[in-house]
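Trainee:
Number of protein chains: 2
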Amino acid sequence: MIRIAIFGFGAVGQGVAEILMQRERIERWIGRYEVVAVADSRGSLCSEDGISLKEAIEVKKRGSLPEGKSVMEIIESMDFDVAIEATPTNIETGEPGLSHIRACLNKGSHVITSNKGPLVVAYKELAELAKKKNVKLAFEATVGGAMPLIKLAKRDLAGNEIISIKGILNGTCNYILSRMEQERLSYQQILAEAKELKIVEANASYDVEGIDSAAKLVILANAVMEMDATFNDVEIVGITSITPEAFEIAMEKGYTIRLIAEASRDGLRVSPRLLPLHHPLAVRGTLNAVLIQTDLAREVFVIGRGAGKIETASAIISDLVDIYGNDRTN
Amino acid sequence: MIRIAIFGFGAVGQGVAEILMQRERIERWIGRYEVVAVADSRGSLCSEDGISLKEAIEVKKRGSLPEGKSVMEIIESMDFDVAIEATPTNIETGEPGLSHIRACLNKGSHVITSNKGPLVVAYKELAELAKKKNVKLAFEATVGGAMPLIKLAKRDLAGNEIISIKGILNGTCNYILSRMEQERLSYQQILAEAKELKIVEANASYDVEGIDSAAKLVILANAVMEMDATFNDVEIVGITSITPEAFEIAMEKGYTIRLIAEASRDGLRVSPRLLPLHHPLAVRGTLNAVLIQTDLAREVFVIGRGAGKIETASAIISDLVDIYGNDRTN
Numbered sequence: 002m003i004r005i006a007i008f009g010f011g012a013v014g015q016g017v018a019e020i021l022m023q024r025e026r027i028e029r030w031i032g033r034y035e036v037v038a039v040a041d042s043r044g045s046l047c048s049e050d051g052i053s054l055k056e057a058i059e060v061k062k063r064g065s066l067p068e069g070k071s072v073m074e075i076i077e078s079m080d081f082d083v084a085i086e087a088t089p090t091n092i093e094t095g096e097p098g099l100s101h102i103r104a105c106l107n108k109g110s111h112v113i114t115s116n117k118g119p120l121v122v123a124y125k126e127l128a129e130l131a132k133k134k135n136v137k138l139a140f141e142a143t144v145g146g147a148m149p150l151i152k153l154a155k156r157d158l159a160g161n162e163i164i165s166i167k168g169i170l171n172g173t174c175n176y177i178l179s180r181m182e183q184e185r186l187s188y189q190q191i192l193a194e195a196k197e198l199k200i201v202e203a204n205a206s207y208d209v210e211g212i213d214s215a216a217k218l219v220i221l222a223n224a225v226m227e228m229d230a231t232f233n234d235v236e237i238v239g240i241t242s243i244t245p246e247a248f249e250i251a252m253e254k255g256y257t258i259r260l261i262a263e264a265s266r267d268g269l270r271v272s273p274r275l276l277p278l279h280h281p282l283a284v285r286g287t288l289n290a291v292l293i294q295t296d297l298a299r300e301v302f303v304i305g306r307g308a309g310k311i312e313t314a315s316a317i318i319s320d321l322v323d324i325y326g327n328d329r330t331n
Numbered sequence: 002m003i004r005i006a007i008f009g010f011g012a013v014g015q016g017v018a019e020i021l022m023q024r025e026r027i028e029r030w031i032g033r034y035e036v037v038a039v040a041d042s043r044g045s046l047c048s049e050d051g052i053s054l055k056e057a058i059e060v061k062k063r064g065s066l067p068e069g070k071s072v073m074e075i076i077e078s079m080d081f082d083v084a085i086e087a088t089p090t091n092i093e094t095g096e097p098g099l100s101h102i103r104a105c106l107n108k109g110s111h112v113i114t115s116n117k118g119p120l121v122v123a124y125k126e127l128a129e130l131a132k133k134k135n136v137k138l139a140f141e142a143t144v145g146g147a148m149p150l151i152k153l154a155k156r157d158l159a160g161n162e163i164i165s166i167k168g169i170l171n172g173t174c175n176y177i178l179s180r181m182e183q184e185r186l187s188y189q190q191i192l193a194e195a196k197e198l199k200i201v202e203a204n205a206s207y208d209v210e211g212i213d214s215a216a217k218l219v220i221l222a223n224a225v226m227e228m229d230a231t232f233n234d235v236e237i238v239g240i241t242s243i244t245p246e247a248f249e250i251a252m253e254k255g256y257t258i259r260l261i262a263e264a265s266r267d268g269l270r271v272s273p274r275l276l277p278l279h280h281p282l283a284v285r286g287t288l289n290a291v292l293i294q295t296d297l298a299r300e301v302f303v304i305g306r307g308a309g310k311i312e313t314a315s316a317i318i319s320d321l322v323d324i325y326g327n328d329r330t331n
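Those protein sequence lines, which keep their order, are chains P and V. Per our numbering, residue 2 is the first one in the first sequence, and the count goes up by one each step. Per our numbering, residue 2 is the first one in the second sequence, and the count goes up by one each step.
1) With DSSP collapsed to three states, give me the class of S187(P).
2) When you compare the CB of T295(V) with every CB in chain P, is at least one pair closer than 9 Å?
3) Would you mind working out which of E162(V), E246(V) and G172(V) sits nearest M226(V), comparing C-alpha positions?
4) Thinking C-alpha only, which one of M252(V), N223(V) and A131(V) is nearest E184(V)?
5) Using a Cβ-Cβ distance cut-off of 9 Å, determine whether H101(P) contacts chain V.
6) Take the Cβ of T173(V) as the centre, count every other Cβ of all protein chains shown within 10 Å, and call the residue buried at 16 or more, exposed below.
7) Taking Cβ to Cβ, would you say P119(V) is nearer than 9 Å to L130(V)?
8) Mind checking the region 304 to 320 of chain P against chain V and listing, in chain order, the residues whose C-beta falls within less than 8 Å of any C-beta there?
9) Note down, in chain order, every chain V residue with its Cβ under 9 Å from the Cβ of V301(P).
10) With burial defined as no fewer than 16 other Cβ atoms inside 10 Å of the residue's Cβ, what is the status of D80(V): buried or exposed?
11) Just list the alpha helix (DSSP H) runs in the region 75 to 156 of chain P, keeping only unbroken ones of 4 residues or longer that don't cross its boundaries, in chain order.
12) Compare the C-beta of D82(V) with all C-beta atoms of chain P and state if any pair is closer than 9 Å.
13) Any beta-carbon of chain P closer than 9 Å to the one on K152(V)?
14) Please determine, among V303(V), G69(V) and R270(V), the residue with the shortest C-alpha to C-alpha distance to A283(V).
15) Starting from P281(P), find everything on chain V with Cβ-Cβ shorter than 8 Å and list it in chain order.
16) Whole angstroms is fine: what's the gap from G255(V)'s alpha carbon to V17(P)'s?
17) Hey, is E35(P)'s beta-carbon within less than 9 Å of any beta-carbon in chain V?
18) Distance cutoff 9 Å, beta carbons only. Does L54(V) sit that close to anything in chain P?
19) Do you know how far the Cα of K62(P) is from the Cα of V83(V)?
20) In chain V, which residues lie less than 9 Å from N107(P) when you measure between Cβ atoms?
21) Of the residues that make up the region 193 to 215 of chain P, which ones have a beta carbon closer than 8 Å to any beta carbon in chain V?
22) What three-state label does DSSP hand E162(P) in the structure shown?
23) Let's test the definition: count the other Cβ atoms within 10 Å of the Cβ of K133(V) and tell me whether it reaches 16, buried, or not, exposed.
24) Ordered along the chain, which non-local residues of its own chain (more than five positions away) have a Cβ less than 7 Å from that of L54(P)?
25) Tell me which residues share the same chain as A308(P) and place their Cβ nearer than 6 Å to its Cβ, disregarding the 5 neighbours each side in the sequence.
26) State whether the region 97 to 114 of chain V contacts the region 267 to 285 of chain V, with contact taken as three or more CB pairs (one from each stretch) at a distance under 8 Å.
27) Does the beta carbon of T330(V) sit closer than 9 Å to a beta carbon anywhere in chain P?
28) Pick from G268(P), V301(P), V238(P) and L269(P): whose alpha carbon is nearest that of L260(P)?
29) Can you find a CB in chain P that lies within less than 9 Å of the CB of A104(V)?
30) Using the three-state DSSP reduction, which class does V201(P) fall into: helix, strand or coil?
31) Could you check if K152(P) is buried or exposed, using at least 16 other CB atoms within 10 Å of its CB as the buried criterion?
32) Tell me the start and end of each unbroken beta strand (DSSP E) in the region 246 to 293 of chain V that is at least 3 residues and wholly inside, in chain order.
33) By Cβ distance below 7 Å, which residues in the same chain neighbour Y1(V) in space, the five residues on each side in sequence not counted?
34) Name the chain V residues whose beta carbon is nearer than 8 Å to that of I27(P)?
35) For D50(P), return the contacting residues in chain V, with the cut-off set at a CB-CB distance below 7 Å.
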């Protein structure tokens, strides 16, 4: 019996809960399980025998979870095998996720996280701690949402040397730029449209300034390319100064403009770059797209949904199967 | 010590040998190994202590391997842990690969193959035999060359239901169609050009009639979608009747034409289809591109080199690491 704790119960945490409610499907992959705790920043539902996820979701819909143990109290007082850490990202302090992950690893629980902050701030420390404690720290959901980018680069391309990783890691920027390409409107006009459609959050600066892309790039650089990178190592230019005229000139020559994050031995960079209109990375809409350049397989592109409640939750589930599942490759 | 036998010593077999000569690189992944036999259809080099791959490649360059044990004699008389089966594909009989793979699995060796024939003819039998003998049958190289398509769909998207797999599985057809798109020349003109550039073999019918794509689709349907499909289940239309006028009309509407192989619960189909010019599957040149449609992660595209000596060999190496390697996902 696998005992699961879910920390953070926003869109991603609830998405995980919704998938875990499909018990028949998931038990085919990992066998029997119970969720013994669900906690958000204000409260929690806990039971050693397993809580009702349906109830947790319904309670959350009406407000927040009932007052109860905090995440740290749950970690200290309850037994669980794997923690799903889905609290909000803070890339400056890594908190509260960093303390949660550290405490879980220290007590010998596996951790699966969608939270970029702790990995941006302390990847090396956490990876070494997981190794020392002989547990897994899995984080497919932190980069590229539903795209199995980390597993693909680290495992499926085994035997290859990874020369560089580059691509589109932020769907909001890609939406804005591909709309500018199609409509020839200004950045401000498209941004306003995107906010109206709720594709972009009210405060979009984290996305459009390239910060979100840079955070993801740091995780890729450390996890896949075995660099020892921090956020300050990334040279960052966002998309706010791109004009319709720039698109005009680019497109006359058969190019478009996308915000590209790139990690190579030359360093880490997030910046608007020209791409041939027919380049596989020149995707439209909110898609993410990444090119993994290797020495044997050469170019491998992966494209998919970089965000979304169920999409991101699916990456967490794939990590869960990875830890507990039967190998189905044969 | 892992003892490897290589059966078939054409481009792919030699590509594998070239990579295995990079001993330091490969031992980092799988530990110590020796290649104890290399065989082609006319001869072989064998030694229980390990042969020189450099010598094997040099000898082969001057003609064929020296007279010696046949593949079946090697399987019967030598000890090895894993066979790399890279003999030429025959999708009607599956031979000679089918007999090789059957004999290797029966004696308890793992098998890694780039040969589509045996899997098209007898996927179910071979998969069950491998399971019964508790050995691995790995075949990433049979579909999509260097693209880690099978591992991605079967393992990285664990927890998902695969709804359909569709895409471009033959680089030759894609080269011809994307040149027709760009140049507005006839199929015959582009085919002649491609033959001159040696992108297309003298006898291209296996490619352009859609047979190669259909064979790969059968493997995907069986291995990834757990269907029980045979070659005769595939409805096949090739690309030989596509006219420049068809491209003209398609492109006026913002579409292009590609040869798409698709497996879904509705059946198996290989046929020229319209794609929006900006669709991620509308790749150019000899690339392969596949869309895996799932219920949770939704659309995941993978694009890469579907052929090439080292590229295809890299898929075989990734299978080898998969069988013997340390898990590097943590």
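Each residue gets a CB set at the ideal place from its N, CA and C atoms; glycine is no exception.
Mentor: So, from the data block:
1) The three-state secondary structure of S187(P), taken from DSSP, is coil.
2) So yes, T295(V) belongs to the interface.
3) Measuring from the Cα of M226(V), the nearest candidate turns out to be E162(V).
4) Checking every option, the nearest Cα to that of E184(V) belongs to M252(V).
5) For H101(P), the answer is no, since every Cβ of chain V falls outside 9 Å of its Cβ.
6) By the neighbour-count criterion, in which 16 or more other beta carbons inside 10 Å mark a residue as buried, T173(V) falls on the buried side.
7) No.
8) Here the close residues are I304, G305, R306, G309, I311, E312, A314, S315, A316, I318 and S319.
9) The answer, in chain order, is A147, M148, P149, V303, I304, G305 and R306.
10) Result: exposed.
11) Entirely contained in the region 75 to 156 of chain P, the alpha helix (DSSP H) runs reaching 4 residues are, in chain order, 98 to 107 and 117 to 133.
12) So no, D82(V) is outside the interface.
13) With 9 Å as the cut-off, K152(V) counts as an interface residue toward chain P.
14) Looking at the Cα atoms, V303(V) is the closest of the given residues.
15) Residues of chain V whose Cβ lies closer than 8 Å to the Cβ of P281(P) are, in chain order, P281, V284, L288, A290 and I304.
16) Roughly 39 Å separates the two Cα atoms.
17) Judged by the 9 Å Cβ criterion, E35(P) is not in contact with chain V.
18) Chain P, which has no Cβ nearer than 9 Å to the Cβ of L54(V), makes this no.
19) Rounded to the nearest angstrom, the two C-alpha atoms are 55 Å apart.
20) Using a Cβ-Cβ cut-off of 9 Å, N107(P) is close to nothing in chain V; its nearest Cβ partner there is about 16 Å away.
21) Residues of the region 193 to 215 of chain P with a Cβ closer than 8 Å to any Cβ of chain V: none.
22) In this structure, E162(P) counts as coil in the three-state DSSP scheme.
23) K133(V) is exposed by the Cβ-count criterion.
24) Short of 7 Å from the beta carbon of L54(P), and not among the five residues preceding or following it, lie these beta carbons of its own chain, in chain order: A18, L21, M22 and V36.
25) If we look at A308(P) and ignore the five residues flanking it on each side, its Cβ neighbours are G146 and G172.
26) Put simply, the region 97 to 114 of chain V does not touch the region 267 to 285 of chain V. Fewer than three CB pairs are less than 8 Å apart.
27) Caution applies to T330(V), whose pLDDT of 44 falls short of 50 and renders its modelled position unreliable; the model cannot decide the point.
28) V238(P) is the residue among G268(P), V301(P), V238(P) and L269(P) whose C-alpha sits nearest the C-alpha of L260(P).
29) No Cβ of chain P is located within less than 9 Å of the beta carbon of A104(V).
30) Taken through DSSP and simplified to helix, strand or coil, V201(P) comes out as coil.
31) By the neighbour-count criterion, in which 16 or more other beta carbons inside 10 Å mark a residue as buried, K152(P) falls on the buried side.
32) If we require 3 residues or more, the beta strand (DSSP E) runs fully inside the region 246 to 293 of chain V come out as 256 to 265 and 268 to 277.
33) For chain V, the structure presents residues 2 to 331; residue 1(V) sits outside this window and is missing.
34) Within chain V, the residues near I27(P) are G160.
35) Around D50(P), no beta-carbon contact reaches into chain V at under 7 Å, the shortest distance being about 24 Å.
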